[in-house]
Amino acid sequence: MGKRRSGRELLRSLSKKQKKHLREFGEEHPFYDKPLLLLLLNSCFHFQSENSDKSSAESDSETEVEQVSVYHKLLATLKTSPESESEEEEEEDESESDEAGESEAEIDSEGSQQTGEVDGGEEDKNDTSEEEEATDTAEQTLSQEQADGADTSCDPRHGVIEEFTDVKHESEFSLETNFMEEESGDCDADKRDSNPFKQHMDKELEEKEIEKMSTLPKSSSQSQWSRLGQLTFSSTLEKHKTLKADKEVDVKQLYLHKPLESTWPKVNKHFLPSANKPSDSPFTPLQRELFCIMNTYRDLFYPERNALTNGEEIRQAYCLHALNHVLKANAQVLSNNAKRRDRKPGTDTDDYRDQGLTRPKVLMIVPFRESALRIVHIFINLLEVNDKKKIDVSNKKRFKGEFGSDPEEKPPNLKRPEDYEAVFAGNIDDHFRIGVAILQKSMRLYAPFYSSDIIIASPLGMRTVIGAEGEKKRDFDFLSSIEILIIDQADVYLMQNWEHVLHLMKHINLLPLDSHGVDFSRVRMLNLNNWSKYYRQTLLFSALQDPQINSVFNKHCFNYVGQVAIRNVPLTGSISHVVVQLPHVFRRLEAESVAAVIDTRFQFFINNVLPEYRDAIMSHTLIYVPSYFDYVRLRNYFKKEDLNFTHICEYTKKAGVCRARRFFLKGEKQFLLFTERFHFYKRYTIKGIRNLIFYELPTYPHFYSEICNMMKATDSGVDATWTCTVLYSKYDAQKLAAVVGIDRTAQMLQSKKNVHLFVTGEN
Numbered sequence: 001m002g003k004r005r006s007g008r009e010l011l012r013s014l015s016k017k018q019k020k021h022l023r024e025f026g027e028e029h030p031f032y033d034k035p036l037l038l039l040l041l042n043s044c045f046h047f048q049s050e051n052s053d054k055s056s057a058e059s060d061s062e063t064e065v066e067q068v069s070v071y072h073k074l075l076a077t078l079k080t081s082p083e084s085e086s087e088e089e090e091e092e093d094e095s096e097s098d099e100a101g102e103s104e105a106e107i108d109s110e111g112s113q114q115t116g117e118v119d120g121g122e123e124d125k126n127d128t129s130e131e132e133e134a135t136d137t138a139e140q141t142l143s144q145e146q147a148d149g150a151d152t153s154c155d156p157r158h159g160v161i162e163e164f165t166d167v168k169h170e171s172e173f174s175l176e177t178n179f180m181e182e183e184s185g186d187c188d189a190d191k192r193d194s195n196p197f198k199q200h201m202d203k204e205l206e207e208k209e210i211e212k213m214s215t216l217p218k219s220s221s222q223s224q225w226s227r228l229g230q231l232t233f234s235s236t237l238e239k240h241k242t243l244k245a246d247k248e249v250d251v252k253q254l255y256l257h258k259p260l261e262s263t264w265p266k267v268n269k270h271f272l273p274s275a276n277k278p279s280d281s282p283f284t285p286l287q288r289e290l291f292c293i294m295n296t297y298r299d300l301f302y303p304e305r306n307a308l309t310n311g312e313e314i315r316q317a318y319c320l321h322a323l324n325h326v327l328k329a330n331a332q333v334l335s336n337n338a339k340r341r342d343r344k345p346g347t348d349t350d351d352y353r354d355q356g357l358t359r360p361k362v363l364m365i366v367p368f369r370e371s372a373l374r375i376v377h378i379f380i381n382l383l384e385v386n387d388k389k390k391i392d393v394s395n396k397k398r399f400k401g402e403f404g405s406d407p408e409e410k411p412p413n414l415k416r417p418e419d420y421e422a423v424f425a426g427n428i429d430d431h432f433r434i435g436v437a438i439l440q441k442s443m444r445l446y447a448p449f450y451s452s453d454i455i456i457a458s459p460l461g462m463r464t465v466i467g468a469e470g471e472k473k474r475d476f477d478f479l480s481s482i483e484i485l486i487i488d489q490a491d492v493y494l495m496q497n498w499e500h501v502l503h504l505m506k507h508i509n510l511l512p513l514d515s516h517g518v519d520f521s522r523v524r525m526l527n528l529n530n531w532s533k534y535y536r537q538t539l540l541f542s543a544l545q546d547p548q549i550n551s552v553f554n555k556h557c558f559n560y561v562g563q564v565a566i567r568n569v570p571l572t573g574s575i576s577h578v579v580v581q582l583p584h585v586f587r588r589l590e591a592e593s594v595a596a597v598i599d600t601r602f603q604f605f606i607n608n609v610l611p612e613y614r615d616a617i618m619s620h621t622l623i624y625v626p627s628y629f630d631y632v633r634l635r636n637y638f639k640k641e642d643l644n645f646t647h648i649c650e651y652t653k654k655a656g657v658c659r660a661r662r663f664f665l666k667g668e669k670q671f672l673l674f675t676e677r678f679h680f681y682k683r684y685t686i687k688g689i690r691n692l693i694f695y696e697l698p699t700y701p702h703f704y705s706e707i708c709n710m711m712k713a714t715d716s717g718v719d720a721t722w723t724c725t726v727l728y729s730k731y732d733a734q735k736l737a738a739v740v741g742i743d744r745t746a747q748m749l750q751s752k753k754n755v756h757l758f759v760t761g762e763n
């Protein structure tokens, strides 16, 4: 009874909002910042031992093939927990009051600090490195369980563990059994030789060209466009022809598939000037130049996406391109179905090779469910010619329920920067995947992957399906014939788990292990030759240039047409947005290679930087650490040296965060280790900073000015005593240029010695 009672007490400790999220997704998102995975995993084993007889009896009555994990049994008890509604409401109120107590306006008040201390209890007082690393192990264990059951996710309304797929409308959306509707007027859509889709997919490469692309380096050229700026064109097969952006774009010259020619101007009118005439271009200047590149089927890397300014107009542009591609491909298949039906016996069937080895053509990787929701809404709007001709969308209500958001879930007292609100708007769950099938005037949501035209997923959603080597249940055959890969908001994945993106890139466009019922007489030769990756177009959008993102674009994109990358250099840098007056000291460290930078930086810090801050006079020192692995290394070293410090990372509990902030503000702790991922997900204002050390340049340039400007929140202290020290190497050129500007970066990198550069925020 004691163990069972402890399990119930564990459930009662969760708020109503946390229970809902735990029931739906099996874990809490870092946004809510209360990692209970380790406690839940430990408790579920006690729960199983007390209820083993009952569980075995229930399993005998079940006819399901899949075995439900112990972890999911614990989640199932959330539905039958004998808690009253009043208790849940009280817990929800306490959760919201905790958020209010941690707001910047009340962090100095003693009452809010005491509340945080009471909520935390004494169990968080001694957070050891083993416990925090065990949290990571618990997350990996959970990911392993999800990977083993690749098609499992909880239905928010029914509590079903098995992932929902629509099998009801299979025949209606089958490409093999449907034919082109004559009244649609799309039968001749692919007969025009100048059609970019037809030109790209009908190109027959030779083996010597494939060998050339695999061995020879790419030749590059540069061009200057009015809106995009500096463009770099690269290709292996041929020298680039000068590609110029059209100043005026006629929709009819873009070879858009019907009904996109008529719907696009209506859908995109929100981004156009109010005085725009019907005869004017239906594209914004940015959309016009981006779509000009997309429509040539070149790979594209655009590292200047901004959630506040141009994020939505970029989404509109790539949705138009993806939908145009799918409609053209399906129209070609349906048209050939009619021709095959009416052909004479003995006719050569090689004229009808119009498919891949599997049906999915477009893969769209986005970070949150809200992004998927907006994409589907754009698709629906583009397919609806007018208000009278509504398209049939299956499972639309279920989709809105699972991918929509409740405005009441977010506490109203949270005040965060505008860019934070834009990135974390709506449903921010990062574990999802959904198949979309489009056939003429209908759309099918939750289509099985092998019956889908478009797959919209997060990196984690793809990772749990693809699985890892050695796992029994894994599948990636549906990625074999992807023709367009769209990775939006790539910078966010650096804050989630970049390994999931790399894992996806390693499993895309591989030969499938099973035929999946494909008609090989309809499969293109490029797919049979395993040359799909040379025809795949990759569209990569990010808010910044980062070596890891650049590596994906350079090493995993093999498009025979070539690649286009926007390479604009920052002129000023984010240091110009620092409003407090303080000296910024940039200290250079010398490393022999990129691999040696990590150890070199650590030794440089403990030997050259840290000794200067050990004195009690240098109190209130915040150390900003972008990498979690560097954070663990520094934390263990500080403990070994018995330094007076506290620490905050993305896995720290609310009470621990509140306590660390209070200790640091009052000067009870001299150092505060602070991770970048915590700042990305929380954006708390840390008060009491007098000395600031950037262990490494931040991933997001504007984080530099944000952290520096936190010093103005300090009531006590003299401006002259504030310091800011930054560690950098020659391999941090991109990050350095984004902070100090290109001119200062060139000067700093030319010097071979450690450089002390003193600047102020107004320079």
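Its first residue numbered 1, the sequence shown is counted upward by one per residue in full-length UniProt numbering. Every residue gets a Cβ at the ideal spot worked out from N, C-alpha and C, and that includes glycine.
For Thr215, the uninterrupted alpha helix (DSSP H) run begins and ends at 207-215, by DSSP.
Annotation note: the segment 218-288 contains the following uninterrupted beta strand (DSSP E) runs of length 3 or greater, listed N- to C-terminal: 219-225, 229-235.
In the DSSP assignment, Ile689 falls outside any beta strand (DSSP E), carrying neither H nor E. By DSSP's assignment, Val393 forms a beta bridge with Met443.
Around the beta carbon of Ala307, a 10 Å sphere encloses 16 or more other beta carbons of the protein chains shown; the residue is thus reported as buried. Judged by DSSP secondary structure, Leu494 falls within the alpha helix (DSSP H) whose first and last residues are 490-496. Its chain contains Arg463, Ile466 as the residues whose beta carbon lies nearer than 7 Å to that of His503, once the 5 sequence neighbours on both sides are disregarded; these appear in chain order. With three or more CB-CB distances shorter than 8 Å, the segment 373-384 counts as touching the segment 319-327. Met525: member of the alpha helix (DSSP H) spanning 525-528, first to last residue. Fewer than three Cβ pairs drawn from the segment 437-445 and the segment 471-479 lie within less than 8 Å of each other, which leaves the two stretches out of contact. Ile484 and Gln537 do touch by the CB rule: their CB atoms are close to 5 Å apart, below 8 Å.
Of the other Cβ atoms in all chains shown, fewer than 16 fall within 10 Å of the Cβ of Val579; this residue is therefore exposed.
Between Arg416 and Arg683, the C-beta gap is smaller than 9 Å, which places the two residues in contact. With respect to the 9 Å criterion, Cys708 and Leu697 are not classified as neighbours on the basis of their beta carbons. Around the beta carbon of Ser452, a 10 Å sphere encloses 16 or more other beta carbons of the protein chains shown; the residue is thus reported as buried.
Counting along the chain, Ile742 sits inside the alpha helix (DSSP H) bounded by residues 742-750. Contact check for Pro367 against Asp430 passes: the beta carbons are separated by less than 9 Å. If only complete runs of 3 or more residues are kept, the segment 523-575 shows the beta strand (DSSP E) at 537-541, 563-566, in order along the chain. Taking the Cβ atoms as the reference, Asn295 lies roughly 6 Å from Leu254, within the contact range of under 8 Å. In the structure shown, Val585 adopts extended strand secondary structure according to DSSP, grouped into three states. When DSSP states are grouped into helix, strand and coil, Arg433 belongs to the strand group. Excluding the 5 residues flanking it on each side, Tyr352 has same chain C-beta neighbours closer than 8 Å at Asn336, Lys339, Arg340, Ser521, Arg522, in chain order. Burial is judged here by how many other beta carbons sit within 10 angstroms of a residue's own beta carbon; Lys389 has fewer than 16 and is exposed. Secondary structure note for Phe638: its alpha helix (DSSP H) is the uninterrupted segment 628-640. Nearest to Thr621 by alpha-carbon distance, out of Cys658, Ile686, Arg659, is Ile686. Under the three-state reduction of DSSP output, Thr723 falls in the strand class. DSSP places Thr699 outside both helix and strand once states are collapsed to three, so it counts as coil.
Between the alpha carbons of Ala565 and Gln287 lies a distance of about 16 Å. Runs of the beta strand (DSSP E) spanning 3 or more residues and lying entirely within the segment 457-520 occur at 484-487, in chain order. Taking C-alpha positions only, Ile486 is separated from Ala372 by approximately 12 Å. In the same chain as Ala713, and ignoring 5 residues on each side of it, the C-beta atoms closer than 6 Å to its own belong to Thr685, Lys687, in chain order. The C-beta distance from Phe553 to Tyr302 rounds to 10 Å, too long to fall under 8 Å, and the pair is not in contact.
Counting along the chain, Tyr352 sits inside no alpha helix (DSSP H), nor does DSSP assign it H or E at all. Residue pairing of Val594 in beta bridges, as defined by DSSP: absent, with no partner found.
No residue range can be given for Val609, since it is assigned to no beta strand (DSSP E) and is classified by DSSP as neither H nor E.
Annotated three-state conformation of Val362 is strand, per DSSP.
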